[in-house]
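*Asks:*
Protein chains: 2
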Amino acid sequence: MLVIADNVQANHGAIQKAVQRGDPGPVQSLARRTEAAGARMLDISVGPPGRDGAQKMAFLVEAIQSVTDLPVLIDAADADVMAAGLEANRKTAVHNGFSLEPRKLEAILPLAVRHDTDIIGYLIDERSQPPASLEDRLRIAVELEHAAQSAGLRDESLMIDPFIAPLIWEDGHRRNATLLEVVRRLPEALDRPVKTVVGLSNLTSGRAASDRDRKRTVELAFLPMLAAAGVTMVMLNVFHAEAVRLARACESLLSQKVFAWETL
Amino acid sequence: MLVIADNVQANHGAIQKAVQRGDPGPVQSLARRTEAAGARMLDISVGPPGRDGAQKMAFLVEAIQSVTDLPVLIDAADADVMAAGLEANRKTAVHNGFSLEPRKLEAILPLAVRHDTDIIGYLIDERSQPPASLEDRLRIAVELEHAAQSAGLRDESLMIDPFIAPLIWEDGHRRNATLLEVVRRLPEALDRPVKTVVGLSNLTSGRAASDRDRKRTVELAFLPMLAAAGVTMVMLNVFHAEAVRLARACESLLSQKVFAWETL
Chain A
720 MLVIADNVQA NHGAIQKAVQ RGDPGPVQSL ARRTEAAGAR MLDISVGPPG RDGAQKMAFL
780 VEAIQSVTDL PVLIDAADAD VMAAGLEANR KTAVHNGFSL EPRKLEAILP LAVRHDTDII
840 GYLIDERSQP PASLEDRLRI AVELEHAAQS AGLRDESLMI DPFIAPLIWE DGHRRNATLL
900 EVVRRLPEAL DRPVKTVVGL SNLTSGRAAS DRDRKRTVEL AFLPMLAAAG VTMVMLNVFH
960 AEAVRLARAC ESLLSQKVFA WETL
Chain B
720 MLVIADNVQA NHGAIQKAVQ RGDPGPVQSL ARRTEAAGAR MLDISVGPPG RDGAQKMAFL
780 VEAIQSVTDL PVLIDAADAD VMAAGLEANR KTAVHNGFSL EPRKLEAILP LAVRHDTDII
840 GYLIDERSQP PASLEDRLRI AVELEHAAQS AGLRDESLMI DPFIAPLIWE DGHRRNATLL
900 EVVRRLPEAL DRPVKTVVGL SNLTSGRAAS DRDRKRTVEL AFLPMLAAAG VTMVMLNVFH
960 AEAVRLARAC ESLLSQKVFA WETL
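See below:
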């Protein structure tokens, strides 16, 4: 299971300040540290829609690609921000992402075609709601693929984010048990191998930072379940060293090679 | 996933000495500490066949049951030792366990009938070898059930240990990936809900104690995979606090209740 760092977020802390004053130093330092910590890709987000989102995204992509060759995920809900990120890209970028919402299909999806990138489709419905049932989620996966095909993308360009439900929801854990089954069934539903990507921190979103130990434990418990179901990429805080080690151990356990121990 | 402590082993350390001099104190102290650490059952082993095995087992069962009501697993390969453990039992005991080996079927299996206990059947063949394929393992599960029925046990008395392969084996991890599928298929193969129990430390057996960090990480990675596949009981070192916390988190994630977070 390949680890994607979710650490590059332009809407708080030192990175927010660096972006505001146009100083690439702290961003570059963060990118280097995430790579050293085990990140194999970097997700880049400028946070909720706001002024200068496009400019911030372009700044981040340029700053990061000046110090690392890791592929970047342009994580944006607005077409402007997405376009700016994909235009700034000089190495490998992934479009993250689109859904069946009309404005996503019209304005966001075509940007992946124009820039010839892989794209992530979210298993949420036309109104941005995540369905609970296995059948509805598999149906949405098929519809996402049809939409991507209609837009002119090759099937293999489409990766699926099956959407981890927050445990703060009454039925969050049940939805996530179904998610494991969704991931197992996707190759059959789309009739091809399907790359999948999940945002692990969604599991504990809405929980206080003071609950850090419980948040980490439950993330560590869900990570191998995702890996065994067949999830190929997991987005997480790569400075949570235990999670990165665990993702690597999962890869060894599920490897097709011999003597898996040696790869730990 | 219910945690069984594998900490009570009479063949080394302070427990060995206590058993030799007939002092129940250290055994009772250990039993109390395993319970406080989160054990819900205790596996009791006197180690490889040797002199006084039966006497040692009886001593351990009595010492432990004088301080805790936790069910005990009588973990013995010899009929004498098993019989002594089951006779000493005054609370709840599980027979651990039997296989298709002729001497197990003849001498060990009937003890579960005589003492009316649940029993654990191992997915290994007549020559004590673990088969690699899914089909062979499911076939053995069916044969174990037939053997238990013939001996006079109720179907529900039989729990299955699907046998975790050591990663030191060339194909250990592949065998364990198949094991997950075996556990998922057991209810269909036996046409009933099936309780399963695994010995987690088998995964890293044959590895040096100096490799402790890697051993622990790989155990933590496999534990939630087992839980998600449906394993109901896991035997482990309960003083590995992270593993016990993780087992509890798995239970919450896979619970059918609402608001799983609150049970963490």
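Protein chains in written order, with my numbering: chain A, 720 to 983; chain B, 720 to 983.
We treat Cβ as the ideally placed atom computed from N, Cα and C, and that holds for glycine.
1. Going by the CB atoms, is the gap between A:Leu939 and A:Gly891 shorter than 9 Å?
2. Indicate whether B:Leu905 and B:Leu945 have their beta-carbon atoms separated by less than 9 Å.
3. Considering only residues of the same chain and omitting the five flanking positions on each side of A:Arg759, which have a CB-CB separation below 6 Å?
4. Just list the residues that DSSP pairs A:His814 with in beta bridges.
5. Pull up the distance between the alpha-carbon of A:Ala896 and that of A:Arg964, whole angstroms please.
6. Can you give the Cα-Cα distance for A:Asp725 and A:Phe958, rounded to whole angstroms?
7. Since B:Leu792 and B:Val746 are thought to touch, with beta carbons under 8 Å apart, how far apart are those beta carbons, to the nearest angstrom?
8. Could you spell out the range, first to last residue, of the beta strand (DSSP E) harbouring B:Ile763?
9. Would B:Asn808 count as contacting chain A if we go by Cβ distances under 9 Å?
10. Since A:Ala773 and A:Asp799 should fall inside the 8 Å C-beta cutoff, what is the C-beta to C-beta distance between them, to a whole number of angstroms?
11. Between A:His892 and chain E, is there a C-beta pair that is closer than 9 Å?
12. So B:Lys775 packs on B:Val765, CB below 8 Å; how close in whole Å?
13. For the ligand FMN, any of its heavy atoms closer than 8 Å to the Cβ of B:Leu789?
14. Below 8 Å on the Cβ atoms is my guess for A:Pro767 versus A:Asn815; work out the distance and round it to an integer in Å.
15. Cα separation between A:Asp797 and B:Arg935?
16. Given A:Val727, which residues of its chain have a CB within under 6 Å of its CB, disregarding the five upstream and five downstream residues?
17. Which same chain residues end up closer than 7 Å to A:Val937 when comparing Cβ atoms and leaving out the 5 residues on each side of it in sequence?
18. Residue range of the beta strand (DSSP E) that A:Leu955 falls in?
19. Using 8 Å as the Cβ pair cut-off and three pairs as the minimum, do the segment 798-813 of chain B and the segment 844-857 of chain B touch?
20. Check A:Val746 in the structure and name its three-state DSSP category.
21. Taking a Cβ distance cut-off of 8 Å, strictly less, list which residues of the segment 882-911 of chain A are near chain B, in chain order.
22. Under a three-way DSSP split, which group does A:Met720 fall into?
23. Do you know how far the Cα of B:Thr951 is from the Cα of B:Leu877?
24. For A:Ala908, which option in A:Gln739, A:Ser748, A:Thr915, A:Val861 has the closest C-alpha, if you only look at C-alpha atoms?
25. Tell me which residue opens and which closes the beta strand (DSSP E) that A:Asp880 is part of.
26. To the nearest angstrom, report how far apart A:Ala968 and A:Ala947 are at their CA atoms.
27. Between the segment 922-956 of chain A and chain B, which residues of the former have CB atoms less than 8 Å from a CB of the latter, in chain order?
28. Rounded to the nearest angstrom, what separates A:Pro943 and B:Pro881 at their Cα positions?
*Replies:* Per the coordinate set shown:
1. For the purposes of this step, residue 891 of chain A is taken as residue 172 along the first sequence, with counting starting at 1. For the purposes of this step, residue 939 of chain A is taken as residue 220 along the first sequence, with counting starting at 1. No; because the gap between Cβ atoms is not below 9 Å, this pair is not in contact.
2. Counting from 1 along the second sequence, the entry for residue 905 of chain B is found at position 186. Counting from 1 along the second sequence, the entry for residue 945 of chain B is found at position 226. Contact: no.
3. Numbered from 1 along the first sequence, position 40 holds the residue referred to as residue 759 of chain A. Taken in chain order, the residues that qualify are Leu721, Val722.
4. To locate residue 814 of chain A, count along the first sequence from 1; it is residue 95. Looking at the DSSP assignment, A:His814 forms a beta bridge with A:Ile793, A:Ile838.
5. Counted from its first residue, the first sequence places residue 896 of chain A at position 177. Counted from its first residue, the first sequence places residue 964 of chain A at position 245. Our two residues, A:Ala896 and A:Arg964, have alpha carbons roughly 23 Å apart in a direct line.
6. Locating residue 725 of chain A in the first sequence gives position 6, counting from the first residue. Locating residue 958 of chain A in the first sequence gives position 239, counting from the first residue. One C-alpha to the other measures close to 10 Å.
7. Counting from 1 along the second sequence, the entry for residue 792 of chain B is found at position 73. Counting from 1 along the second sequence, the entry for residue 746 of chain B is found at position 27. Contact flag wrong, Cβ pair sits at about 15 Å.
8. Stepping through the second sequence from its first residue, residue 763 of chain B is reached at position 44. Taken as a continuous stretch (DSSP letters only), the beta strand (DSSP E) holding B:Ile763 covers 760-764.
9. Sequence index remark: in the second sequence, residue 808 of chain B carries index 89 (1-based). Chain A, which has no Cβ nearer than 9 Å to the Cβ of B:Asn808, makes this no.
10. Taking the first residue of the first sequence as position 1, residue 773 of chain A is located at position 54. Taking the first residue of the first sequence as position 1, residue 799 of chain A is located at position 80. Taking the Cβ atoms as the reference, A:Ala773 lies roughly 5 Å from A:Asp799, within the contact range of under 8 Å.
11. Absent from the structure: chain E. Protein chains present are A and B.
12. The sequence position of residue 775 of chain B within the second sequence is 56, counting from 1. The sequence position of residue 765 of chain B within the second sequence is 46, counting from 1. Contact holds; Cβ gap of about 5 Å.
13. In the structure on display, the ligand FMN does not appear, and there are no ligands present to speak of.
14. Counted from its first residue, the first sequence places residue 767 of chain A at position 48. Counted from its first residue, the first sequence places residue 815 of chain A at position 96. Rounded, the Cβ-Cβ distance is 16 Å, inconsistent with contact.
15. Numbered from its first residue, the first sequence carries residue 797 of chain A at position 78. Numbered from its first residue, the second sequence carries residue 935 of chain B at position 216. Computed Cα separation, rounded: 43 Å.
16. Position 8 of the first sequence holds residue 727 of chain A. Non-local beta-carbon contacts of A:Val727 in its own chain, meaning distances under 6 Å to residues more than five positions away in sequence, involve Leu761, Ile763 in chain order.
17. Counting from 1 along the first sequence, the entry for residue 937 of chain A is found at position 218. Contacts found: Leu886, Leu922, Thr923.
18. Here residue 955 of chain A refers to the residue found at position 236 when the first sequence is read from its first residue. That run of the beta strand (DSSP E) goes 952-955.
19. With a cut-off of 8 Å, the segment 844-857 of chain B and the segment 798-813 of chain B do not count as touching, because too few Cβ pairs lie within range.
20. What you label residue 746 of chain A is simply residue 27 of the first sequence in a count that begins at 1. A:Val746 falls in the helix class under three-state DSSP.
21. Going along the segment 882-911 of chain A in chain order, one finds Leu886, Ile887, Glu889, Asp890, Gly891, His892, Arg893, Asn895, Ala896, Leu899 with a Cβ nearer than 8 Å to chain B.
22. Within the first sequence, numbered from 1, the residue matching residue 720 of chain A stands at position 1. In this structure, A:Met720 counts as coil in the three-state DSSP scheme.
23. Position 158 of the second sequence, counted from the start, is the residue given in the question as residue 877 of chain B. Position 232 of the second sequence, counted from the start, is the residue given in the question as residue 951 of chain B. Looking at the backbone, the Cα of B:Leu877 and that of B:Thr951 are separated by about 13 Å.
24. Stepping through the first sequence from its first residue, residue 908 of chain A is reached at position 189. The residue from A:Gln739, A:Ser748, A:Thr915, A:Val861 with its alpha-carbon nearest to that of A:Ala908 is A:Val861.
25. As a working note, residue 880 of chain A is residue 161 in the first sequence. Element bounds for A:Asp880: 877-880.
26. By 1-based counting over the first sequence, the position of residue 968 of chain A is 249. By 1-based counting over the first sequence, the position of residue 947 of chain A is 228. Taking the Cα positions, A:Ala968 is about 11 Å away from A:Ala947.
27. For the segment 922-956 of chain A, which is checked against every Cβ of chain B, the residues closer than 8 Å are Arg926, Arg933, Thr936, Val937, Leu939, Ala940, Phe941, Leu942, Pro943, Met944, Ala946, Ala947, Ala948.
28. Looking up residue 943 of chain A in the first sequence gives position 224. Looking up residue 881 of chain B in the second sequence gives position 162. Cα to Cα, the separation comes out at about 19 Å.
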